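For the sequence shown, the positions run -26 to -1, 1 to 531 when mature numbering (1 follows the signal peptide of the UniProt record, and there is no 0) is used. We treat Cβ as the ideally placed atom computed from N, Cα and C, and that holds for glycine. It should be emphasised that the depicted structure is a prediction, and the values quoted were computed from it without experimental measurement.
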Amino acid sequence: MRIYSLKRIARILLFFAAMCATSLPAADSRPNFLFVLTDDQSYGMMGCDGNELTRTPNIDQLAREGVYFDRAYVTSAICTPSRISIFLSQYERKHGVNFNSGTSVAPEAWAKSYPVIMRESGYYTGYVGKNHAPIGKGGYNSGLMEESFDFFYAGHGHIRFYPKDVHEIFEGATYDTQVEIVNEGAQDFMSYEHRLDGAVRFLDERPADKPFCLSICLNLPHSAGTGTMQQRESDDEIYKSLYRDIEIPLPEHYVAKDEIETPRLPADVLRASERQASYNFVDTPEALKERTIRQMQSMTGIDCLIGNLRTKLETEGVDDNTIIIFCSDHGLFMGQHGLGGKALCYEQTTHVPMIVFDPELPTVLRGACCNELVQTIDIAATMLDLAEIEKPDTFQGLSLRPLLSGQGGAIRDHVFTENLWVTHFGNPRIEAVQDKRWKYIRYYRNDCVPASVKIQVAKDLGIKSSTMLYGIHDKEIAVYRNHAEASLRGEQPIYEELFDLETDPDELNNLIDDPAAKTQLEELRIVWKQQLTKVRGKGFPAVLRYTVDSEKDYKSK
């Protein structure tokens, strides 16, 4: 039992007593949940995790009043698989959906996602912002995502910095910029009377007798957001002038493209030159500094959102019974070691900020910094646990409840991360395991035709390069499934790394051939096999075909 749940238990007992005494419907006293997920936010971009330049006073206050998880990790450093992992509390190797998988989440799997479970358990549910998880037959066009929430105000795929430019659902918003539109949607959800045009809702107003669960998923500080900032006249001053009058330092270990002498990884492991062009801003100090300013502006905008949301909770009188969770879907390389983009299993991409605030946390536990190993798949398990809802046996995440209670002790000894986004953009398949000190990484060969070749062929044929690069066909489902199963069948890595994170937090010194680290290497190789088998689970993933071919079939019927 949680140390700090006594008030909540008392409130629930009073609720049932009132029901028995009056025989009238009474409000459900379970806690509300406000879950905020940012996009491409690495660890170290806020004041509370060490950033001395970016202004995030509201998030810093949230950390001071809650619990900051200092060793939080994603499962995959790619948007779609990471976000689905959060929804389903499963590793990608279990749920089976990525950009290159040719699949979408099947309805039977989605039925065991945290939003659906909480709605069926009496919660009023909402979703605002960006959806990057294809659900049901036809993926983003299925309508299943919209139907799964009582209130839906989001765009499928990237919503950019000016969401109205790309998604019709946002046309009725007062503001033009992403954070402010998301704030409008969240404010409307929490109000008892809905006014916002465009939102998909199944009730005209929020029921006063139900607890709520609102998921806010942003598309910032992702490049799709920061790369489309234009300093329009209607933009808040934050996005025009903030941070432009200060010196912006380059990241530690930054290497410009024309100064790379030895690549971070061998060329046959990572084909860095094939990465997506949207990350080329890391190539020069000038472009990187401009993008860094935009990221900092976005983080301050998100911080204002957190402040506005907490004020709204107070105005609605629910601040004393609303749990707030703040996290990121993964990090991003900003030129460290000459790298750009994500997908790799280094700390820069897998280590993320995580804050859990519970208003009933006693003063003695507020502001705690927990250094136990946790993962983003634990978020769903935690919400269900705190809502007194039994989690399904499909969940692979663990509840953070013991850590929130101050009981201490680890909930896991190791973290497993992976990359199955193996495409023409040059990323290898990767598997990694780590404990609090040591990290072991395995890389497998990428035999895909390079992006540069596909782009040239598209040019020669006079077709759009995007058609060549992003069109996934049925046969590629088998390629993806082979990637997910190959190492379990015995495929050997082409490259390995071993890092001592205690003495080498920036992962500069590969100890894979160091005799002094032989014991740690042997132990982690055993752990790798155990974790790989565990996260894969049994049976074929609950997915549907979602390809260019399937879309043609659906349209022809």
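Minimum length 4: unbroken alpha helix (DSSP H) runs contained in the region 386 to 437
Look at the region 386 to 437 and you find these whole runs of alpha helix (DSSP H), each 4 residues long or longer: 425 to 435.
Three-state class that DSSP yields for CYS53 in the structure shown:
When DSSP states are grouped into helix, strand and coil, CYS53 belongs to the helix group.
Rounded separation between GLU290 and ARG284 - CA only
Their backbone Cα atoms lie some 10 Å apart in a straight line.
With distance defined between alpha-carbon atoms, name the residue in PRO137, ILE143 and SER165 nearest to VAL153.
Checked all of PRO137, ILE143 and SER165; the closest Cα to VAL153 is PRO137.
Drop a sphere of 10 angstroms on the beta-carbon of GLY199, count the other beta-carbons inside from all chains shown, and report buried for 16 or more, exposed for fewer.
GLY199 is classed as buried because its beta carbon has at least 16 other beta carbons within 10 Å across all chains shown.
Relative to the C-alpha of HIS132, which candidate in LEU374, LEU482, ASP14 and THR258 has its C-alpha closest?
Each of LEU374, LEU482, ASP14 and THR258 was checked against the Cα of HIS132, and the nearest Cα belongs to ASP14.
Looking at the structure shown, is LEU224 part of a helix, part of a strand, or coil, going by DSSP?
In the structure shown, LEU224 falls within a coil segment according to DSSP collapsed to helix, strand and coil.
Rounded to whole angstroms, what is the Cα-Cα separation between GLU346 and VAL389?
Rounded to the nearest angstrom, the gap between the Cα atoms of GLU346 and VAL389 is 11 Å.
Which residues in the same chain have their Cβ closer than 6 Å to the Cβ of residue 543, if we skip the five residues on either side of it in sequence?
Outside the displayed range of the chain (-26 to 531) lies residue 543, so it cannot be described from this structure.
Using C-beta distances below 6 Å, list every residue in its chain close to MET20, excluding the 5 sequence neighbours before and after it, in chain order.
Sequence-distant Cβ neighbours of MET20 in its own chain, meaning closer than 6 Å and more than five residues away, are THR30 and ILE33.
Closest Cα partner of TRP502 within the set SER524, ASP488 and SER461:
Ranking SER524, ASP488 and SER461 by CA distance to the CA of TRP502 puts SER461 first.
Quick one: what's ALA128 bridged to in DSSP?
In the DSSP output, where bridge partners are listed per residue, ALA128 has GLY103.
DSSP state of GLN505 mapped onto helix, strand, coil:
Three-state result, GLN505: helix.
TYR166, buried or exposed, once every other Cβ within 10 Å from all chains shown has been counted against 16:
Label assigned to TYR166: exposed.
Answer with buried or exposed for PHE43, where buried requires no fewer than 16 other C-beta atoms within 10 angstroms of its C-beta.
Burial call: buried.
Measuring only the C-alpha atoms, how far is PHE123 from ASN295?
Cα to Cα, PHE123 sits roughly 21 Å from ASN295.
If you reduce the DSSP assignment to three classes, tell me which class LEU8 lands in.
Here LEU8 sits in strand by DSSP.
Inter-residue Cα distance where the pair is PRO181 and LEU192:
Just so you know, the alpha carbons of PRO181 and LEU192 end up roughly 26 Å apart.
Does the region 430 to 441 come close enough to the region 65 to 76 that 3 or more CB-CB pairs lie under 8 Å?
With the cut-off at 8 Å, the region 65 to 76 and the region 430 to 441 do not touch.
Using a Cβ-Cβ cutoff of less than 6 Å, which residues in the same chain neighbour LEU485 once the five nearest sequence positions on both sides are dropped?
Excluding sequence neighbours, LEU485 sits near LEU472 and ALA491.
Quick one: Cα of LEU374 to Cα of ILE299, how far?
Here the alpha carbons of ILE299 and LEU374 stand approximately 12 Å from one another.
Complete alpha helix (DSSP H) runs within the region 218 to 296 (minimum length 4 residues, chain order):
List check, alpha helix (DSSP H) in window: 259 to 289.
Check whether VAL326 and ALA85 have beta carbons under 9 Å apart
ALA85 sits away from VAL326, with the two beta carbons spaced by 9 Å or more.
Limits of the alpha helix (DSSP H) - the one that PHE163 falls within:
The continuous alpha helix (DSSP H) containing PHE163 extends over residues 152 to 164.
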